[in-house]
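K.L.:
Order-wise, the sequence lines are chains A and B. Last residue of the first sequence? That's 331 in numbering that gives the first Met the number 0, and every number before it is there in order. Last residue of the second sequence? That's 331 in numbering that gives the first Met the number 0, and every number before it is there in order.
Number of protein chains: 2
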Amino acid sequence: MPENEVIRVISRPTGIPGTEHFQLEKQPLAELQPGQIRVCNEWLSVDPAMRGWLADANNYASVKVGEVMRSLCVGTVIESTVSTYNKGDRLMGWFGWQTCATVKPEAVVQKITATDLPPSLYLGVLGLNGITAATALDKLGSPRQGDTVVVSTAAGGVGSCVGQLAKTMGCRTVGLTSSSEKVQACYEAFGYDHVINYKTDNIDQAIKAACPDGVNVYFDNTSGSISDSVMQHLAIGARVIVCGTASIPSWDPPPMGPRVNRILLTRRARMEGFILFDHQDTYASYVEKLEQLVRDKKLTYREHITDGLHTATGAIAQLYRGENLGKRLIRL
Amino acid sequence: MPENEVIRVISRPTGIPGTEHFQLEKQPLAELQPGQIRVCNEWLSVDPAMRGWLADANNYASVKVGEVMRSLCVGTVIESTVSTYNKGDRLMGWFGWQTCATVKPEAVVQKITATDLPPSLYLGVLGLNGITAATALDKLGSPRQGDTVVVSTAAGGVGSCVGQLAKTMGCRTVGLTSSSEKVQACYEAFGYDHVINYKTDNIDQAIKAACPDGVNVYFDNTSGSISDSVMQHLAIGARVIVCGTASIPSWDPPPMGPRVNRILLTRRARMEGFILFDHQDTYASYVEKLEQLVRDKKLTYREHITDGLHTATGAIAQLYRGENLGKRLIRL
Numbered sequence: 000m001p002e003n004e005v006i007r008v009i010s011r012p013t014g015i016p017g018t019e020h021f022q023l024e025k026q027p028l029a030e031l032q033p034g035q036i037r038v039c040n041e042w043l044s045v046d047p048a049m050r051g052w053l054a055d056a057n058n059y060a061s062v063k064v065g066e067v068m069r070s071l072c073v074g075t076v077i078e079s080t081v082s083t084y085n086k087g088d089r090l091m092g093w094f095g096w097q098t099c100a101t102v103k104p105e106a107v108v109q110k111i112t113a114t115d116l117p118p119s120l121y122l123g124v125l126g127l128n129g130i131t132a133a134t135a136l137d138k139l140g141s142p143r144q145g146d147t148v149v150v151s152t153a154a155g156g157v158g159s160c161v162g163q164l165a166k167t168m169g170c171r172t173v174g175l176t177s178s179s180e181k182v183q184a185c186y187e188a189f190g191y192d193h194v195i196n197y198k199t200d201n202i203d204q205a206i207k208a209a210c211p212d213g214v215n216v217y218f219d220n221t222s223g224s225i226s227d228s229v230m231q232h233l234a235i236g237a238r239v240i241v242c243g244t245a246s247i248p249s250w251d252p253p254p255m256g257p258r259v260n261r262i263l264l265t266r267r268a269r270m271e272g273f274i275l276f277d278h279q280d281t282y283a284s285y286v287e288k289l290e291q292l293v294r295d296k297k298l299t300y301r302e303h304i305t306d307g308l309h310t311a312t313g314a315i316a317q318l319y320r321g322e323n324l325g326k327r328l329i330r331l
Numbered sequence: 000m001p002e003n004e005v006i007r008v009i010s011r012p013t014g015i016p017g018t019e020h021f022q023l024e025k026q027p028l029a030e031l032q033p034g035q036i037r038v039c040n041e042w043l044s045v046d047p048a049m050r051g052w053l054a055d056a057n058n059y060a061s062v063k064v065g066e067v068m069r070s071l072c073v074g075t076v077i078e079s080t081v082s083t084y085n086k087g088d089r090l091m092g093w094f095g096w097q098t099c100a101t102v103k104p105e106a107v108v109q110k111i112t113a114t115d116l117p118p119s120l121y122l123g124v125l126g127l128n129g130i131t132a133a134t135a136l137d138k139l140g141s142p143r144q145g146d147t148v149v150v151s152t153a154a155g156g157v158g159s160c161v162g163q164l165a166k167t168m169g170c171r172t173v174g175l176t177s178s179s180e181k182v183q184a185c186y187e188a189f190g191y192d193h194v195i196n197y198k199t200d201n202i203d204q205a206i207k208a209a210c211p212d213g214v215n216v217y218f219d220n221t222s223g224s225i226s227d228s229v230m231q232h233l234a235i236g237a238r239v240i241v242c243g244t245a246s247i248p249s250w251d252p253p254p255m256g257p258r259v260n261r262i263l264l265t266r267r268a269r270m271e272g273f274i275l276f277d278h279q280d281t282y283a284s285y286v287e288k289l290e291q292l293v294r295d296k297k298l299t300y301r302e303h304i305t306d307g308l309h310t311a312t313g314a315i316a317q318l319y320r321g322e323n324l325g326k327r328l329i330r331l
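#1: Since A:Gly34 meets chain B, which of its residues come closer than 8 Å, beta carbon to beta carbon?
#2: Okay, do the segment 257-277 of chain A and the segment 234-241 of chain A touch, 3+ Cβ pairs below 8 Å being the bar?
#3: Are any of the Cβ atoms in chain A nearer than 8 Å to that of B:Asp277?
#4: Compare the beta carbon distance of B:Ile77 and B:Tyr319 with 8 Å and say whether it is the shorter of the two.
#5: Would a check of beta-carbon distances place B:Ala135 closer than 8 Å to chain A?
#6: Under DSSP, the alpha helix (DSSP H) around A:Tyr217 begins and ends at which residues?
#7: What are the residues of the segment 246-259 of chain A that lie near chain B, defined by any Cβ-Cβ distance shorter than 9 Å?
#8: With three or more C-beta pairs closer than 8 Å as the rule, is the segment 53-73 of chain A touching the segment 290-309 of chain A?
#9: Output the residue ranges of the beta strand (DSSP E) runs that lie fully inside the segment 275-306 of chain A and measure 3 residues or longer, sorted by chain position.
#10: Would you grab the beta carbon distance between A:Trp42 and A:Pro142 for me? Rounded to a whole angstrom, and I think it's under 8 Å.
#11: According to DSSP, which residues form a beta bridge with B:Thr176?
#12: CB-CB under 7 Å to B:Val157, same chain, minus the five flanking residues each way: which ones, in chain order?
#13: Under 6 Å Cβ to Cβ from B:Val149, same chain only, skipping five residues before and after it: list those, please.
#14: In this structure, does DSSP put B:Leu23 in helix, strand or coil?
#15: When the Cα atoms are used, what is the spatial distance from B:Ala113 to B:Glu290?
#16: Classify A:Asp212 as buried or exposed, calling it buried when 16 or more other Cβ atoms lie within 10 Å of its own Cβ.
#17: Who are B:Gln109's beta bridge partners in DSSP?
#18: Listed from N- to C-terminal order along the chain, which residues in the segment 265-276 of chain B have their beta-carbon within a distance smaller than 8 Å of any beta-carbon of chain A?
#19: Quick one: what's got a C-beta closer than 6 Å to B:Ser151's C-beta in the same chain, skipping five residues either side?
#20: In chain A, which residues lie with their C-beta within 8 Å of the C-beta of B:Leu59?
#21: Within 10 angstroms of the Cβ of B:Ile304, are there 16 or more other Cβ atoms? Answer buried if so, exposed if not.
#22: Please look up how many angstroms separate the CB atoms of B:Ile6 and B:Leu308, rounded, as I've assumed it's under 8 Å.
#23: Measure how close the beta-carbons of B:Thr98 and B:Asn3 come, nearest whole angstrom, since I'm counting them as under 8 Å.
#24: Restricting to runs no shorter than 4 residues, where is the alpha helix (DSSP H) found entirely within the segment 93-165 of chain A?
#25: Less than 7 Å separating the Cβ of B:Tyr217 from some heavy atom of the ligand MN?
#26: Contact between the segment 42-57 of chain A and the segment 244-252 of chain A is defined here as three or more beta-carbon pairs at a separation below 8 Å; is this criterion met?
#27: Secondary structure at A:Glu271, three-state DSSP: helix, strand or coil?
#28: Between the segment 200-226 of chain A and chain B, which residues of the former have CB atoms less than 7 Å from a CB of the latter, in chain order?
#29: Quick check on the DSSP output: the beta strand (DSSP E) that includes B:Arg11 runs from which residue to which?
#30: In this structure, what does DSSP give as the bridge partners for A:Leu328?
#31: May I ask you to list, following chain order, the residues of the segment 8-19 of chain A that have a beta carbon less than 9 Å from some beta carbon of chain B?
#32: Three-state secondary structure (DSSP) at B:Ile240?
#33: How would you call A:Ala208, buried or exposed, if buried means at least 16 neighbouring beta carbons within 10 angstroms?
#34: Find the residues of chain B that neighbour A:Thr101, judging by a C-beta separation of less than 8 Å, and give them in chain order.
#35: Using 10 angstroms around the beta-carbon of B:Met255, count the other beta-carbons present and answer buried if the total reaches 16, otherwise exposed.
#36: Comparing C-alpha positions only, which one of B:Gly162, B:Ile329, B:Ala283 sits nearest to B:Thr310?
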């Protein structure tokens, strides 16, 4: 009988998930049941959101102890009892951290039909990251030509897309990132107008200098002290997109920070949380739009790839240490 | 020569403005110049927002040291060189804390034409408070039938209108207030479905019990610990209207509180600041709507009146101590 290799969650972390919260296991593959599809995974995704799935039992995508780690993957159908998916189809979906997934059709996010683009992109610039960037920037940020758009984690999977998409909309883009290597990528690969290294620059002075007319759109993946500085410089009518909280190691109990109410009030600013799952109805149309931008070389990307299932367990913690440059992927 | 009695700002408070920040003065009235209107004030308004006008030089309506205290008033024209305003017209506008205001037409917010309603209402339920409540609830809160709407300062000038307007929209209303007298007013005068005394109840348990399906709209005038509790119970897609920050004595430096980012993210909630000055285009239409609700006895109000200009200087601090029941007014 063929074997499946899986990464199982063995305890619920309160902070950043590390190798100690997972276990690599082999298990036999049962015979395929009616209504099931079997997918051989080629690419696994590693996302900052995984911390929330693991840490919080009330999270929108909570993973239970004992389950295979939840993740988006790209793979090819090797066996199917479902008429809409055939052997050889390449799919992106919730197949989990394992070599071979046996799933129902609901797990499939999309069939990958484009053959001119690398399949791994459907986990990054054409997947959760890119579509999150495009949908949130568009629907919550409502950027107008000439707006100053500030992006935290500017070189990251989501941030790098936000910066580039904002440029296509005629905005000035200001990126916040954490190393000189990433500063260089922000300028050279992602076309930011201005980049701030928040580990070496005086962030408050740097934001003020980079945004003389204030910040119209702030796309935040960090929370914490970086955000506290940006919030001080919001323009009247600013839109703050709360897309992630990467700089806060634990929310139990919630950490303290400067209250934002007075800023929101005096600037008549809006701060709003975004989760892509709420926007399934527009997912496919944003994929098509971004595919075209990739083909037109208006949307570029970086991938940070490691080989082998075993490299996944430490990868979430690496993200939170800022060690990745671009979309973090596991190649099987 | 006739005399004018004025309240002048003599120092900029960092916290709550008190009698020590103002000075009562008499001064002669100069001859009316072309383009000016002279209004004899009958009613002066006292508003929580005044703290911000005084404390923060960058506030949208900052008052400088040496100026007559900025305030909305109702008065009657006694002399005019402007064709649109005639002797005997009753006006509501920015006439300041003084017995007799000499102003340009820009200071006028509206001419009061209804003769069947008490003029003081145009400083309360038909003025800044009522129109703030109606505009912010409608445009930022987007209440839907069946929504649970939570209101802080539930018995106050703005809050009491919000509660009643939300009821007319088919919402369940939950009020937060600070004394048994105000709890009674919330139930009997303002028709709240549920009222919480945040000084005596366990606020967290009380909100949970009053809002079993979560809070859809939170209309906040307080910031601070009351808000911290309400925020914990936001429903998915909740709208938080930041209309005031009455429970925070000073924003310099900004006080610390639990960070809200994770709540906004997981609940896909929106938090937005509101200032009525941004919505002048719809002011008159909301006045008309509320006049009709008052006539139909669907919108009631309480007024807390003291007599004499000298009673104004301590009145802001009284508001912040929660000593008023209803709209705080000075009758001249």
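All C-beta atoms in this analysis are idealised placements derived from N, C-alpha and C, irrespective of residue type, glycine included.
P.N.:
To lay it out plainly:
#1: Those do not exist, as A:Gly34 stays about 30 Å from chain B at its closest Cβ, beyond 8 Å.
#2: Judged by Cβ distances under 8 Å, the segment 257-277 of chain A makes contact with the segment 234-241 of chain A, as three or more pairs qualify.
#3: yes
#4: no
#5: no
#6: That residue, A:Tyr217, is in no alpha helix (DSSP H); its beta strand (DSSP E) goes 214-219.
#7: Ile247, Trp250, Pro252, Pro253, Pro254, Met255, Gly256, Pro257, Arg258, Val259
#8: no
#9: 302-306
#10: Their Cβ separation, rounded to whole angstroms, is 31 Å, which puts A:Trp42 and A:Pro142 out of contact at 8 Å.
#11: B:Asn196
#12: Asn128, Thr131, Ala132, Asn220, Cys242
#13: Val173, Val214, Tyr217, Val229
#14: strand
#15: Distance between the alpha carbons of B:Ala113 and B:Glu290: 9 Å.
#16: It counts as exposed.
#17: B:Met91
#18: Thr265, Arg266, Arg267, Ala268, Arg269, Met270, Glu271, Gly272, Phe273, Ile274
#19: For B:Ser151, where only same-chain residues beyond five positions count, the Cβ hits under 6 Å are Leu175, Asp219, Asn220, Thr221, Ile225.
#20: As written in the sequence, residue 59 of chain B is Tyr, which differs from the Leu given in the question. Correct list: Thr265.
#21: exposed
#22: 7 Å
#23: 6 Å
#24: 127-135
#25: In the structure shown, the ligand MN is absent, as is every other ligand, since no ligand is present at all.
#26: yes
#27: strand
#28: Listed in chain order, the positions of the segment 200-226 of chain A with a beta carbon within less than 7 Å of a beta carbon of chain B are Ser222.
#29: Premise fails: B:Arg11 is in no beta strand (DSSP E) and is neither H nor E.
#30: Its beta-bridge partners are A:Ser44, A:Ile304.
#31: none
#32: strand
#33: exposed
#34: None at all; the shortest Cβ gap to chain B is about 30 Å.
#35: exposed
#36: B:Ile329
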